[in-house]
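Peer 1:
Residue numbers (the numbering used here): 114 to 243.
#1: Where are the alpha helix (DSSP H) runs, 4 residues long or more, that stay fully inside the stretch 125-194, in chain order?
#2: Excluding five sequence neighbours on each side, which residues of the same chain lie with their C-beta closer than 7 Å to the C-beta of residue 207?
#3: How is residue 211 classed by DSSP in three states: helix, strand or coil?
#4: Does the structure place the stretch 124-144 close enough to the stretch 192-201 that three or more beta carbon pairs sit under 8 Å?
#5: Under the assumption that residue 167 contacts residue 190 (Cβ atoms under 8 Å), give the Cβ distance between them as a whole number of angstroms.
#6: Looking at the structure shown, is residue 216 part of a helix, part of a strand, or coil, going by DSSP?
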(Lines of atoms letter the chains of each structure in order from A and count residues from 1; the text may use other names and numbers.)
(Lines give C-alpha, C1' and ligand atoms only; values in the text may rest on other atoms or scores of the structure.)
Protein backbone atom coordinates (compact mmCIF):
# COMPACT_ATOMS: atom_id res chain seq x y z
CA UNK A 1 0.00 0.00 0.00
CA UNK A 2 1.32 3.46 -0.94
CA UNK A 3 1.92 6.00 1.69
CA UNK A 4 -0.01 9.28 1.39
CA UNK A 5 1.96 12.43 0.74
CA UNK A 6 1.27 14.95 3.44
CA UNK A 7 0.68 18.61 2.55
CA UNK A 8 4.01 19.55 4.16
CA UNK A 9 5.94 17.06 1.99
CA UNK A 10 4.09 18.30 -1.11
CA UNK A 11 4.99 21.90 -0.28
CA UNK A 12 8.62 20.90 0.23
CA UNK A 13 8.65 19.23 -3.18
CA UNK A 14 7.10 22.30 -4.83
CA UNK A 15 9.57 24.60 -3.03
CA UNK A 16 12.52 22.44 -4.12
CA UNK A 17 11.39 22.38 -7.74
CA UNK A 18 10.83 26.15 -7.63
CA UNK A 19 14.29 26.75 -6.17
CA UNK A 20 15.87 24.61 -8.90
CA UNK A 21 13.92 26.43 -11.62
CA UNK A 22 14.93 29.84 -10.26
CA UNK A 23 18.57 28.78 -10.03
CA UNK A 24 18.45 27.57 -13.63
CA UNK A 25 16.96 30.88 -14.78
CA UNK A 26 19.47 32.98 -12.85
CA UNK A 27 22.62 30.91 -13.33
CA UNK A 28 22.23 28.43 -16.15
CA UNK A 29 20.28 30.48 -18.72
CA UNK A 30 22.85 33.32 -18.95
CA UNK A 31 25.67 30.79 -19.31
CA UNK A 32 23.85 28.97 -22.09
CA UNK A 33 23.05 32.27 -23.85
CA UNK A 34 26.68 33.34 -23.61
CA UNK A 35 27.95 30.02 -24.95
CA UNK A 36 25.50 30.03 -27.85
CA UNK A 37 25.59 33.67 -28.93
CA UNK A 38 28.61 35.55 -27.55
CA UNK A 39 30.77 35.37 -30.68
CA UNK A 40 27.87 36.20 -33.00
CA UNK A 41 26.99 39.15 -30.77
CA UNK A 42 30.57 40.41 -30.82
CA UNK A 43 30.67 40.20 -34.62
CA UNK A 44 27.40 42.11 -34.92
CA UNK A 45 28.58 44.80 -32.49
CA UNK A 46 31.61 45.47 -34.67
CA UNK A 47 29.63 45.30 -37.92
CA UNK A 48 27.00 47.71 -36.61
CA UNK A 49 29.62 50.11 -35.25
CA UNK A 50 31.44 50.07 -38.58
CA UNK A 51 28.18 50.51 -40.54
CA UNK A 52 27.08 53.46 -38.43
CA UNK A 53 30.46 55.12 -38.94
CA UNK A 54 30.29 54.55 -42.71
CA UNK A 55 26.74 55.89 -42.79
CA UNK A 56 27.72 59.04 -40.89
CA UNK A 57 30.62 59.66 -43.25
CA UNK A 58 28.44 59.08 -46.33
CA UNK A 59 25.66 61.31 -44.98
CA UNK A 60 28.06 64.14 -44.18
CA UNK A 61 29.70 63.79 -47.58
CA UNK A 62 26.26 63.99 -49.24
CA UNK A 63 25.32 67.07 -47.19
CA UNK A 64 28.55 68.84 -48.10
CA UNK A 65 28.65 67.76 -51.74
CA UNK A 66 25.26 66.53 -53.00
CA UNK A 67 25.57 64.50 -56.19
CA UNK A 68 24.44 61.23 -57.71
CA UNK A 69 27.67 59.59 -56.58
CA UNK A 70 27.38 60.71 -52.95
CA UNK A 71 23.68 59.79 -52.96
CA UNK A 72 24.55 56.29 -54.18
CA UNK A 73 27.22 56.00 -51.47
CA UNK A 74 24.69 57.10 -48.84
CA UNK A 75 22.14 54.52 -50.02
CA UNK A 76 24.78 51.78 -49.94
CA UNK A 77 25.76 52.81 -46.43
CA UNK A 78 22.10 52.66 -45.38
CA UNK A 79 21.96 49.02 -46.50
CA UNK A 80 24.88 48.31 -44.22
CA UNK A 81 22.74 49.36 -41.26
CA UNK A 82 20.86 46.04 -41.55
CA UNK A 83 23.57 44.60 -39.32
CA UNK A 84 22.38 47.03 -36.62
CA UNK A 85 18.91 45.49 -36.78
CA UNK A 86 20.40 42.02 -36.44
CA UNK A 87 22.48 43.27 -33.51
CA UNK A 88 19.40 44.72 -31.81
CA UNK A 89 17.40 41.51 -32.24
CA UNK A 90 20.23 39.41 -30.80
CA UNK A 91 20.72 41.86 -27.91
CA UNK A 92 17.05 41.42 -26.97
CA UNK A 93 17.35 37.63 -27.25
CA UNK A 94 20.34 37.69 -24.90
CA UNK A 95 18.30 39.80 -22.49
CA UNK A 96 15.69 37.04 -22.43
CA UNK A 97 18.49 34.66 -21.44
CA UNK A 98 19.13 36.95 -18.48
CA UNK A 99 22.45 38.38 -19.62
CA UNK A 100 22.88 41.81 -18.04
CA UNK A 101 23.47 45.04 -19.94
CA UNK A 102 26.84 45.29 -18.19
CA UNK A 103 27.86 41.88 -19.53
CA UNK A 104 26.66 42.79 -23.04
CA UNK A 105 28.67 46.01 -22.85
CA UNK A 106 31.71 43.95 -21.87
CA UNK A 107 31.21 41.70 -24.93
CA UNK A 108 30.89 44.80 -27.12
CA UNK A 109 34.10 46.29 -25.79
CA UNK A 110 35.91 43.00 -26.37
CA UNK A 111 34.71 42.97 -29.99
CA UNK A 112 35.67 46.55 -30.73
CA UNK A 113 39.03 46.18 -29.00
CA UNK A 114 39.86 42.96 -30.86
CA UNK A 115 38.78 44.27 -34.25
CA UNK A 116 40.41 47.65 -33.70
CA UNK A 117 43.74 45.90 -33.30
CA UNK A 118 43.10 44.07 -36.58
CA UNK A 119 42.16 47.32 -38.32
CA UNK A 120 45.29 49.04 -36.97
CA UNK A 121 47.43 46.24 -38.41
CA UNK A 122 45.75 46.61 -41.81
CA UNK A 123 46.21 50.39 -41.73
CA UNK A 124 49.88 50.00 -40.79
CA UNK A 125 50.45 47.60 -43.69
CA UNK A 126 48.74 49.80 -46.30
CA UNK A 127 49.58 53.21 -44.93
CA UNK A 128 51.89 55.44 -46.94
CA UNK A 129 55.11 56.23 -45.17
CA UNK A 130 56.49 59.76 -45.56
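Backbone N, C-alpha and C fix where the C-beta goes; we use that ideal spot for every residue, glycine too. Keep in mind that this is a model prediction, so the values were computed, not measured.
Peer 2: According to the structure data:
#1: 142-177 and 181-193
#2: 146, 150, 154 and 217
#3: coil
#4: no
#5: Residue 167 to residue 190, Cβ: 5 Å. Contact.
#6: Of the three classes helix, strand and coil, the one that applies to residue 216 here is helix, per DSSP.
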